[in-house]
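Below: the structure, in structure tokens.
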Amino acid sequence: MKRILKGILKAILVLFGLLIAVLVVVYFMYNEKVPEGKNTQEADALAYKMLTAINKAAYQDTRYLEWSFAGGNHRYKWDRKIGHVTVIWEQYKVLLNLNTPKLSEVFENGAKVIGTEKTKLITTATDYFNNDSFWLVAPFKIFDEGTIRSLVTLDDGTQGLMITYNSGGTTPGDSYVWKLKENGMPTSYKMWVKIIPIGGLEATWDNWKTMENGVLLPTSHKIGPVSLSMGEVRAYN
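Residue numbers (my numbering): 1 to 237.
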């Protein structure tokens with residue numbers, strides 16, 4: 001029996017060692033340093049070109065946004081006018097007040113939640129919203145307070161738009177380099193973010209659709225072989 005247990009333990013240690021080795025190899029193969037951006041004024045011009053391509057004017061007039069994330073497990077309805085978001089996941093529903101989070105309401109299986117559990121779930125809903133909404137509206141956030149815009153020369157010689165968020169959201173300090181078509185339409189970005197240990201991972205921004213109010217929004221992304229669906233995206237007034 002002891003020999004069997006030792007054999008199992010040895011196999012586990014070998015597998016663990018192989019996993020660590022694979023992760024180290026992947027890190028050194030794909031990890032990229034954050035590029036150094038320059039030419040802030042020219043970067044601003046490119047940023048405005050991107051906003052024109054996706055119809056920022058229509059976005060500014062948009063009151064309601066609906067989408068889902070995490071394979072449909074996170075669902076949202078965002079009232080941008082009053083700063084309220086309905087966040088639904090598993091058995092929870094949070095009526096999230098973005099302006100004053102402590103005034104948010106929390107429900108579990110339809111029953112109201114109070115106390116410390118309520119506070120924890122408000123934090124969870126806020127983190128989900130910050131992450132999942134970014135995958136929907138990140139291009140419209142490139143002039144948010146605390147952002148720095150600069151130009152980066154890409155491998156093909158074209159100019160990429162680098163955005164660094166020095167404040168705001170859940171993980172300030174993250175940087176993204178956008179790849180754009182000639183008309184300013186975003187096609188992908190590379191990420192240098194705290195929650196991903198490998199810098200420079202590229203995510204596509206695909207299947208852009210014109211919403212009923214004219215704004216353009218993405219409905220899917222890809223990071224390598226992994227697909228991220230935004231669900232049934234809606235934008236209306």
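Just so you know, even glycine gets a beta-carbon here, dropped at the ideal spot from N, CA and C.
Note that the coordinates shown come from a computational prediction; the quantities given were computed from them, not determined experimentally.
Around the beta carbon of residue 114, fewer than 16 other beta carbons sit within 10 angstroms, so the residue counts as exposed. Beta-bridge partners assigned by DSSP to residue 72: none are found. Counting the other Cβ atoms within 10 Å of the Cβ of residue 122 gives 16 or more, which makes it buried. Residue 160 carries a strand assignment under DSSP once its states are collapsed to helix, strand and coil.
Runs of the beta strand (DSSP E) lying entirely within the region 183-214, each at least 3 residues long, are 186-192, 201-204 in chain order.
One thing to note: residue 31 has its Cβ no nearer than 8 Å to the Cβ of residue 150. Membership of residue 43 in the alpha helix (DSSP H) is indicated by the continuous run 40-53. The three-state reading of DSSP puts residue 140 in helix, counting H, G and I together.
Take the alpha-carbon of residue 203 and the one of residue 192: they are about 11 Å apart. It is roughly 14 Å from the alpha-carbon of residue 109 to the alpha-carbon of residue 95.
In the DSSP secondary-structure assignment, residue 165 is bridged to 147. Boundaries for residue 56: no beta strand (DSSP E) harbours it, while the alpha helix (DSSP H) harbouring it runs 56-61, taken from the DSSP string. Residue 55 sits buried, since 16 or more C-beta atoms from the chains shown fall within 10 Å of its C-beta. Under the Cβ criterion (8 Å, minimum of three pairs), the region 48-67 counts as touching the region 209-219. Each of 184, 159, 187, 145 was checked against the Cα of residue 172, and the nearest Cα belongs to 145.
Beta-bridge pairing by DSSP links residue 220 to 206, 229. DSSP, read as helix, strand or coil, puts residue 114 in coil.
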